[in-house]
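Accompanying notes for the structure given below.
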Amino acid sequence: NSFTQVVHSAGRRFIVSPVPESRLREQ
Amino acid sequence: AEDTGVRVELAEEDDGRKSSIALRLWVEDAKKLKGKSKDNGAIEFTFELEKETPDDVAQEMVDAGFFHESDVKIIAKSIRDRVALIQWRRERICPMLH
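Note that the protein sequences, when read in sequence, are chains A and B.
According to this note's numbering, the first sequence is numbered sequentially starting from 776.
According to this note's numbering, the second sequence is numbered sequentially starting from 22.
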């Protein structure tokens, strides 16, 4: 989706996407 | 596993055979980190079980700007705990493969 970001570092690929609300711990 | 404030989970189902596994890491409790982390969301990456160490990946996340240098150990520990659990499960569930 459009919120996904790909970051390359030291040959590794990190895919960054939003954490679904349901997975966030309640504060 | 100890609550590090950083959650690491499998990003795909583990078939017990692959040497690399996809993991997803996110911050559940930013107060447990020493440095300020960017609001990263969930970071998905692959981890080579035989070749890599959690410390290497944690350092790469710091180098990529996701976390502050002072949190490299807590990130590494979070990954290490999850990887240990995955390996324990593999040995228990698929002992013939090991």
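Ideal placement from N, C-alpha and C gives every residue a C-beta, glycine not left out.
Every value quoted in this text rests on a predicted model; they were computed, and no experiment measured them.
- According to DSSP, Ala63 of chain B shares a beta bridge with A:Ser792.
- Excluding sequence positions up to five before and after Phe87 of chain B, its CB lies within less than 8 Å of the CB of Ser58, Lys59, Asn61 and Ile64, all in the same chain and listed in chain order.
- Contact annotation for Ala85 of chain B against chain A: Val782, Ser784 and Phe789 [CB-CB distance below 7 Å, chain order].
- Cβ proximity to chain A below 7 Å picks out Trp47, Glu49 and Asp50 from the stretch 26–55 of chain B.
- Look at Phe66 of chain B: its C-beta is under 7 Å from a C-beta on chain A.
- The C-alpha of Ser91 of chain B is placed about 6 Å away from the C-alpha of Lys55 of chain B.
- Taking the CA atoms as reference points, Gly26 of chain B sits about 20 Å from Ala43 of chain B.
- Of the candidates B:Glu71, B:Lys94, B:Phe66 and B:Asp24, the residue whose Cα lies closest to the Cα of Val781 of chain A is B:Phe66.
- By alpha-carbon distance to Lys72 of chain B, the top candidate from B:Ser40, B:Glu81 and B:Leu31 is B:Ser40.
- Between Glu81 of chain B and chain A, the shortest Cβ-Cβ separation is below 7 Å.
- Chain A has no Cβ within less than 7 Å of the Cβ of Ala97 of chain B.
- In the DSSP secondary-structure assignment, Arg45 of chain B is bridged to B:Glu30 and B:Glu65.
- Beta-bridge pairing by DSSP links Ser784 of chain A to A:Arg787.
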